[in-house]
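Everything below concerns the one structure shown next.
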Amino acid sequence: MIPALVPLPGSPWTVLPPGAHAATLENVAATFATNLWRRELFGGLVLASGKLRLAGCPAIYLDGSYVTGKPRPGDFDACWDPSGVDPSKLDPVFLEFGNGRAAQKAAFKGEFFPSSMVCSDVGRAFVDFFQLDRFTGKQKGIVLISLSADPLLLGKVQP
0 MIPALVPLPG
10 SPWTVLPPGA
20 HAATLENVAA
30 TFATNLWRRE
40 LFGGLVLASG
50 KLRLAGCPAI
60 YLDGSYVTGK
70 PRPGDFDACW
80 DPSGVDPSKL
90 DPVFLEFGNG
100 RAAQKAAFKG
110 EFFPSSMVCS
120 DVGRAFVDFF
130 QLDRFTGKQK
140 GIVLISLSAD
150 PLLLGKVQP
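For the sequence shown, counting from 1, position 70 maps to 69 in numbering that gives the first Met the number 0; every step adds exactly one.
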């Protein structure tokens, strides 16, 4: 379940309270796909989630202004759990980080990083980096989506 967004002093938008909040894609849609643009971003998230699930990815962590009170986020940010992922089934775009992740944004309208990959800017794994507010450096929350049994993906995944 996704908790209500909370104010974070110094941050321009409300954010999730600290922690990794387990949710389904349907929960994400109900909470964050609240206007036409946000629904477009959500469509890219679902597409990417299906591709990651086919490669054996067990979960993703959703972050960025998409999971805040910002009315029109530029995109979404996510990191994916690499445990169990079959590299031969992984869409190569998930490993393309050049040019500001342009290939990922073109394919999915968002950015993806392996959760264990270290963000060189801060020296932390992305799953930890995502839990810091970019404006204040304070703790904030992210959304944990288990892909293996997500009801929305069970009808959407195509080989």
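Yeah, the Cβ is synthetic: ideal placement off N, Cα and C, and Gly gets one too.
When only Cα atoms are considered, ARG38 and PRO86 end up about 30 Å apart.
Around GLY55, the same chain offers GLY83, VAL84, ASP85 and LYS88 as residues with beta carbons nearer than 8 Å, after the five sequence neighbours per side are excluded. Going by DSSP, GLU110 is part of the beta strand (DSSP E) stretching over 109-113.
Between LEU51 and the set GLY154, PHE111, ALA124 and PHE125, the nearest pair of CA atoms involves PHE111. The secondary-structure analysis by DSSP pairs GLY18 across a beta bridge with GLY140. In the same chain as PRO150, and ignoring 5 residues on each side of it, the C-beta atoms closer than 7 Å to its own belong to THR23 and GLU25, in chain order.
Here PHE75 carries a strand assignment [DSSP, helix/strand/coil].
Straight-line measurement puts the Cα of PRO57 at about 6 Å from the Cα of SER145. The region 27-71 is shown to contain whole beta strand (DSSP E) runs of 3 or more residues at 58-62, in chain order.
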